[in-house]
Structures are given as C-alpha cells and as structure tokens.
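Residue numbers (the working numbering): 1026 to 1248.
C-beta atoms are modelled at their ideal positions from N, C-alpha and C, and glycine is treated no differently.
To start, the structure itself, in structure tokens.
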Amino acid sequence: MDNQNTNSTPNSFPNSALDCSDSPQNTAEKRDWQAYYNETGNRPPRKTILTALNSFSQPGKAVDLGCGVGRDTVEILRRNWQVLAIDKQPEAIAGLLARDNINRELLTTQVMSFEELQLPQGVDLINASFSLSFCHKDAWNNLWETITNAISIGGRFSGNLFGDRDSWRDSGMIHCLSREEMESCLKPYEIELFEEEENFGKTPLGEERYWHIFHVVARKKAE
Ligand SMILES: C[S@@+](CC[C@H](N)C(=O)[O-])C[C@H]1O[C@@H](n2cnc3c(N)ncnc32)[C@H](O)[C@@H]1O
1026 MDNQNTNSTP
1036 NSFPNSALDC
1046 SDSPQNTAEK
1056 RDWQAYYNET
1066 GNRPPRKTIL
1076 TALNSFSQPG
1086 KAVDLGCGVG
1096 RDTVEILRRN
1106 WQVLAIDKQP
1116 EAIAGLLARD
1126 NINRELLTTQ
1136 VMSFEELQLP
1146 QGVDLINASF
1156 SLSFCHKDAW
1166 NNLWETITNA
1176 ISIGGRFSGN
1186 LFGDRDSWRD
1196 SGMIHCLSRE
1206 EMESCLKPYE
1216 IELFEEEENF
1226 GKTPLGEERY
1236 WHIFHVVARK
1246 KAE
C-alpha cells in the first residue's frame, strides 16, 4: 500500500495512535481492492523489488505474491524474469493480464489464497509487496514456511510486512508481526535491506492511519 506520510514519529508514541478505525469484522475480503488497484496500479515498482532485482546478475524464476494488478510484476517481467503472479482476487489477475506492456510468454498467473498457497520449488525470488500481512493469522506460520522452502539457496525474498504497532493491528484484517517475530522469520536469511518505518499517514484511498512497516530484502542462506 502506498504509505503517504503525514508525520514522522519515533518508536514511542501515545497509545491513542493505536486506536483502530476499522471494526473487528473488517476483513481483507472487505477491502475495496479494485479501488486500490485503480489508484496505485500504475505507480512505479517498489524499492524492495528494485533492490532485490538489482542484486541478481541474471534473470531467473520469480513469484509475485499478492501481485495486485502487477505494479511490481511488470518490472520483474521487463527484466526478462519468468514470473508466477498470484493473487486471491480474480480482478487483480484480470487487471494484470489486461496490461499491454508485458511479455505474456514469461508470465503465469494463478488465483490462489495465501491460506492455501502451494509453490513450485527452486524459486530465485519471491516478492510480496504489502500483501502477506493480509493472510489469516492461523495460516501465517505455514505460509512463511512454504515461502522459505520454495526459495533456492542464494535466492531472495523481498516485501513489506506490517508491524505490531500498526493501527490496523486489532482490525482482524491483517496479521502483524513484532520486530522479534520478523527477525525470527528471517533467521534462514542474510539480511540485505531491513527498514522499520513508523509514521502517521493515509492509505492510497485516503484513510488516516498509523503505519508500522518492515521493508525487507533477504537472501536465503545455506542450511
Ligand atoms: C495492498 S495490495 C498490494 C498489491 C501489490 N502487491 C502492490 O504492491 O501494488 C494487497 C494484495 O494482496 C491480495 N491479498 C489479500 N489477501 C490475500 C490472501 N489471503 N491471499 C492472496 N492474496 C491476498 C489482495 O487481493 C491485493 O491484491
């Protein structure tokens, strides 16, 4: 999601900042993803995917998880990678396939949820921009294990995950990780980029919120 900052704050801030405007029954299904795609779909690729791509000497096999209409997918394809683009929303995949600036021969798409995710083995790069946190909390451990198992030794994960001080923490919409949990998830990896962002801002749809985000690029180590 494009976090538009209205203010930058240090790690300590009043608890009122955590008050959540979303009701507990507001699940990921209730997000207006089409409005989000309309607003952000043509924005440039994110720093995390660019950092990851720049670290490879040649193109390989990538998976873009929660690809939306392909804001990052188009860049991965542009660099001649084979891409498996996955999203739960059929309209995301339809929007991606409707683009006229992509090499379809390099692209495979699947409508699939994180809760039921199956991945091929031997993937060089798994990207997940602002998407994995929408996985149901009960499925999180399995999802992360599936991702880590699919990435080859020396392959990379890039993405953006919500932290536990995010204002959507108690909304029932996202699964937030503490910094310790994030670091624990990254134990099989060598960290190449780790930025923790916290600030008041707005979503691309204009909703006021407090952002707590981990921006990550990490390279899978030999076991
Ligand atoms: C904030 S959007 C990000 C889209 C894209 N990665 C980008 O950066 O523009 C989150 C995406 O995750 C997808 N998503 C949310 N929950 C999901 C789930 N449980 N399984 C698979 N995809 C999901 C949504 O459909 C949406 O396209």
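In angstroms with no decimal places, state the Cα-to-Cα distance between residue 1140 and residue 1091.
Here the question's residue 1140 lines up with position 115 in the sequence shown. Here the question's residue 1091 lines up with position 66 in the sequence shown. Cα-Cα distance, rounded: 12 Å.
DSSP state of residue 1246, grouped into three classes?
To locate residue 1246, count along the sequence shown from 1; it is residue 221. Coil at residue 1246, not helix or strand.
Measure the alpha-carbon distance for residue 1243 versus residue 1147 and round it to whole angstroms.
On the sequence shown, residue 1243 is found 218 positions in, with the first residue counted as 1. On the sequence shown, residue 1147 is found 122 positions in, with the first residue counted as 1. Residue 1243 and residue 1147: Cα-Cα distance of roughly 16 Å.
Using alpha carbons as the reference points, say which of 1111, 1218, 1116 lies closest to residue 1132.
As a working note, residue 1132 is residue 107 in the sequence shown. Cα-wise, what sits closest to residue 1132 is 1111.
Under a three-way DSSP split, which group does residue 1167 fall into?
To locate residue 1167, count along the sequence shown from 1; it is residue 142. Reduced to three states, the DSSP call for residue 1167 is helix.
Who are residue 1183's beta bridge partners in DSSP?
The residue labelled residue 1183 in the question sits at position 158 within the sequence shown. Answer by DSSP bridge pairing, in chain order: 1152, 1242.
Would you call the region 1190 to 1207 and the region 1154 to 1167 touching, i.e. three or more CB-CB distances under 8 Å?
With the cut-off at 8 Å, the region 1190 to 1207 and the region 1154 to 1167 touch.
When you compare each of 1084, 1076, 1138 to residue 1093 by their alpha carbons, which one comes out closest?
Here residue 1093 corresponds to residue number 68 of the sequence shown, with the count starting at 1. Here the closest residue by C-alpha is 1138.
Would you report the Cα separation of residue 1236 and residue 1204, rounded to the nearest angstrom?
As a working mapping, residue 1236 is identified with position 211 in the sequence shown. As a working mapping, residue 1204 is identified with position 179 in the sequence shown. Rounded to the nearest angstrom, the two C-alpha atoms are 14 Å apart.
So residue 1183 and residue 1241 are supposed to be a Cβ contact under 8 Å. How far apart are they, rounded?
Here the question's residue 1183 lines up with position 158 in the sequence shown. Here the question's residue 1241 lines up with position 216 in the sequence shown. Rounded, the Cβ-Cβ distance is 7 Å, consistent with contact.
Pop quiz: residue 1065 and residue 1229 are said to be a contact at Cβ under 8 Å. What is the actual Cβ separation, rounded to whole angstroms?
Mapped onto the sequence shown, residue 1065 falls at position 40. Mapped onto the sequence shown, residue 1229 falls at position 204. With a Cβ gap of about 5 Å, residue 1065 and residue 1229 count as contacting.
Quick one: is residue 1114 buried, meaning 16 or more other Cβ sit within 10 Å of its Cβ, or exposed?
Taking the sequence shown and counting its residues from 1, one reaches residue 1114 at position 89. Classification for residue 1114: buried.
Quick one: is the Cβ of residue 1183 within less than 7 Å of any heavy atom of ligand 1?
Counted from its first residue, the sequence shown places residue 1183 at position 158. Flag unset: Cβ of residue 1183 not near ligand 1.
Determine the burial state of residue 1088: buried for a count of at least 16 other Cβ atoms within 10 Å of its Cβ, exposed for fewer.
The residue given as residue 1088 occupies position 63 in the sequence shown. Result: buried.
Helix, strand or coil for residue 1072? Go by DSSP, reduced to three states.
Working through the sequence shown from its first residue, we reach residue 1072 at position 47. Three-state DSSP puts residue 1072 in a helix.
Where do the N-terminal and C-terminal ends of the beta strand (DSSP E) with residue 1224 fall, by residue?
In the sequence shown, residue 1224 corresponds to position 199, counting from 1. Its beta strand (DSSP E) spans residues 1214 to 1227.
Under 6 Å Cβ to Cβ from residue 1101, same chain only, skipping five residues before and after it: list those, please.
On the sequence shown, residue 1101 is found 76 positions in, with the first residue counted as 1. The residues are 1087, 1108.
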